[in-house]
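Beneath this line is the structure, given in structure tokens, with notes to follow.
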């Protein structure tokens, strides 16, 4: 049985309130930093954005082998065992961050089709076919990405007021830049993922609209049944249920940040029936909207 190390977050994040780190791995098989598990099977409970800056190699993720080379960018969600099986003078930058502990603006990020594909969808359905068409940066794009990472590193090294906030800003800048660089190639499997990514972007940005499955299928250039199948495969739910989740998340944000009445917030987030909203909210969050707000006071 293969031994898999559990990489603990405290090994990599010096500040628990700012779970962001940059680890550079040079073209050497020797350990590059304390707790360097590059060539050892390991998993962790944070995300790892990998940017290949030189050479080539073979990365193993959940038993699948994926060839990588200069300019490749991909996300490892961490819950699956992964390591480098082969390293041919490969060097890389690993940007580590914990999305569960950072106030990432998912509502905005998910409006970017590239974000949906790179950071959420492709890692979840990764296969040899989809990975063939992962993001590969041009020389100019790679240089800009490395420059942003350098700024992120400098902020993490600072011991000045606001350094954590500035580091978070640089992380967001990198995520948005990488998302913008993505241009879906015409591969059937990945094109299907990209279609779902575009639908997610629409549901996130136009959550007040009463979308019909037939309408979404037309926008995705596929049949309703096929869209439903693809959407369930990628997200684990249906477009309608995903839309309800978006509305509930928006409502939770409004309950937290605004003094509006519960019924008004429900209506503003796409729920015409406040009783239906209350039932759905309790099912999702375990408490009523009013109890949710009280706990935040």
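Residue numbers (the numbering used here): 993 to 1289.
Here a beta-carbon is modelled for each residue, glycine too, at the ideal position from N, C-alpha and C.
Everything numeric in this text was worked out from a predicted model, so none of it was measured.
**Request:** Take the Cβ of residue 999 as the centre, count every other Cβ of all protein chains shown within 10 Å, and call the residue buried at 16 or more, exposed below.
**Result:** The residue labelled residue 999 in the question sits at position 7 within the chain shown. Buried is the call here.
**Request:** Inspect the CB distances between the region 1095–1104 and the region 1073–1080 and report whether three or more fall short of 8 Å.
**Result:** no
**Request:** Determine, using beta carbons only, whether residue 1276 and residue 1261 come nearer to each other than 7 Å.
**Result:** Start at 1 with the first residue of the chain shown, and residue 1276 comes out as number 284. Start at 1 with the first residue of the chain shown, and residue 1261 comes out as number 269. No, the Cβ-Cβ distance between residue 1276 and residue 1261 is not below 7 Å.
**Item:** residue 1090, buried or exposed, once every other Cβ within 10 Å from all chains shown has been counted against 16
**Value:** The residue you call residue 1090 lines up with position 98 of the chain shown. It counts as buried.
**Item:** Per-residue DSSP class, three states only, for residue 1284
**Value:** For this step, residue 1284 is matched to residue 292 along the chain shown. It is helical.
**Message:** Does residue 1028 come out as helix, strand or coil in the three-state DSSP assignment?
**Reply:** As a working mapping, residue 1028 is identified with position 36 in the chain shown. DSSP places residue 1028 in coil when its eight states are reduced to three.
**Asked** Just how far apart, CA to CA, sit residue 1234 and residue 1195?
**Response** Within the chain shown, the letter at position 242 stands for residue 1234. Within the chain shown, the letter at position 203 stands for residue 1195. Going by the C-alpha atoms only, they are around 8 Å apart.
**Message:** Considering only the alpha carbon of each residue, which of 1110, 1129 and 1036 lies closest to residue 1062?
**Reply:** Within the chain shown, numbered from 1, the residue matching residue 1062 stands at position 70. Ranking the options by Cα distance to residue 1062, first place goes to 1129.
**Item:** Nearest candidate by alpha-carbon position, reference residue 1044, set 1012, 1086, 1054 and 1020
**Value:** Your numbering for residue 1044 matches position 52 in the chain shown. For residue 1044, the nearest C-alpha among the options comes from 1086.
**Request:** State buried or exposed for residue 1178, treating a residue as buried only when at least 16 other CB atoms are found within 10 Å of its CB.
**Result:** Here residue 1178 corresponds to residue number 186 of the chain shown, with the count starting at 1. Residue confidence for residue 1178 is low, a pLDDT of 44 falling below 50, so the modelled location carries little weight; the figure read from the coordinates is stated next. Residue 1178 is exposed by the Cβ-count criterion.
**Item:** Sequence-distant residues of the same chain with beta carbon closer than 7 Å to residue 1159, five excluded per side
**Value:** Position 167 of the chain shown holds residue 1159. Cβ within range, chain order: 1010, 1012, 1144, 1147 and 1148.
**Asked** Near residue 1215, what residues of its chain come up, given a Cβ to Cβ distance below 7 Å and the 5 sequence neighbours on each side ignored?
**Response** Mapped onto the chain shown, residue 1215 falls at position 223. Taken in chain order, the residues that qualify are 1209.
**Request:** Please determine if the region 1227–1241 and the region 1133–1142 are in contact, where contact requires at least 3 C-beta pairs separated by less than 8 Å.
**Result:** no
**Prompt:** Rounded to whole angstroms, how far is the Cβ of residue 1188 from the Cβ of residue 1113, which I believe are closer than 8 Å?
**Reply:** Taking the first residue of the chain shown as position 1, residue 1188 is located at position 196. Taking the first residue of the chain shown as position 1, residue 1113 is located at position 121. Yes, they are in contact, since the Cβ atoms of residue 1188 and residue 1113 sit about 6 Å apart, within 8 Å.
**Request:** Could you give the DSSP three-state label for residue 1234: helix, strand or coil?
**Result:** Here the question's residue 1234 lines up with position 242 in the chain shown. Of the three classes helix, strand and coil, the one that applies to residue 1234 here is helix, per DSSP.
**Message:** Using a 10 Å radius around the Cβ and a threshold of 16 neighbouring Cβ atoms, would you call residue 1049 buried or exposed?
**Reply:** Position 57 of the chain shown, counting from 1, holds the residue named residue 1049. Residue 1049 comes out buried.
**Message:** According to DSSP, residue 1076 sits in a beta bridge with which residue or residues?
**Reply:** Locating residue 1076 in the chain shown gives position 84, where the first residue counts as 1. Partner(s): 1051.
**Coarse secondary structure for residue 1207, derived from DSSP in three states** = Walking along the chain shown from the start, residue 1207 turns up at place 215. Residue state, collapsed to three classes: helix.
**Item:** C-beta atoms of residue 1192 and residue 1102 nearer than 7 Å
**Value:** Residue 1192 sits at position 200 when you count from the first residue of the chain shown. Residue 1102 sits at position 110 when you count from the first residue of the chain shown. Cβ atoms of residue 1192 and residue 1102: closer than 7 Å.
**Prompt:** How about residue 1211: is its Cβ closer than 6 Å to a heavy atom in the ligand COA?
**Reply:** Because no ligand of any kind appears in the structure shown, any question about the ligand COA cannot be addressed here.
**Request:** Measure the alpha-carbon distance for residue 1207 versus residue 1201 and round it to whole angstroms.
**Result:** Position 215 of the chain shown holds residue 1207. Position 209 of the chain shown holds residue 1201. Taking the straight line from one Cα to the other gives about 11 Å.
**Message:** How far does the alpha helix (DSSP H) with residue 1268 in it extend, from its first residue to its last?
**Reply:** On the chain shown, residue 1268 is found 276 positions in, with the first residue counted as 1. Run containing residue 1268: 1266–1277, per the alpha helix (DSSP H) assignment.
**Request:** Excluding the 5 residues preceding and the 5 following residue 1199 in the sequence, name in chain order all residues of the same chain whose CB lies nearer than 7 Å to its CB.
**Result:** In the chain shown, residue 1199 corresponds to position 207, counting from 1. Cβ neighbours of residue 1199 beyond the five flanking positions: 1235, 1238, 1239, 1242 and 1262.
**Three-state class that DSSP yields for residue 1178 in the structure shown** = Position 186 of the chain shown, counted from the first residue, corresponds to residue 1178. With a pLDDT of 44 at residue 1178, under the threshold of 50, the predicted position of this residue should be treated as unreliable, and no value is reported.
**Request:** Enumerate in chain order the residues of its own chain whose CB-to-CB distance from residue 1070 is below 7 Å, with the five nearest sequence positions on each side excluded.
**Result:** Counting from one through the chain shown, the residue named residue 1070 turns up at place 78. So the list reads 1035, 1036, 1037, 1038, 1039 and 1040, once near-sequence residues are dropped.
**Request:** Can you tell me which of 1056, 996, 1059 and 1285 puts its alpha carbon nearest to the alpha carbon of residue 1032?
**Result:** Mapped onto the chain shown, residue 1032 falls at position 40. Cα-wise, what sits closest to residue 1032 is 996.
**Request:** Keeping to the same chain, check which residues put their C-beta closer than 8 Å to that of residue 1287; ignore five residues upstream and five downstream.
**Result:** Residue mapping note: residue 1287 aligns to position 295 of the chain shown, counting from 1. Here the set comprises 1279.
**Prompt:** Can you tell which of 1248, 1266 and 1245 has the C-alpha that lies nearest to the C-alpha of residue 1255?
**Reply:** Indexing the chain shown from 1 puts residue 1255 at position 263. Answer by Cα proximity: 1266.
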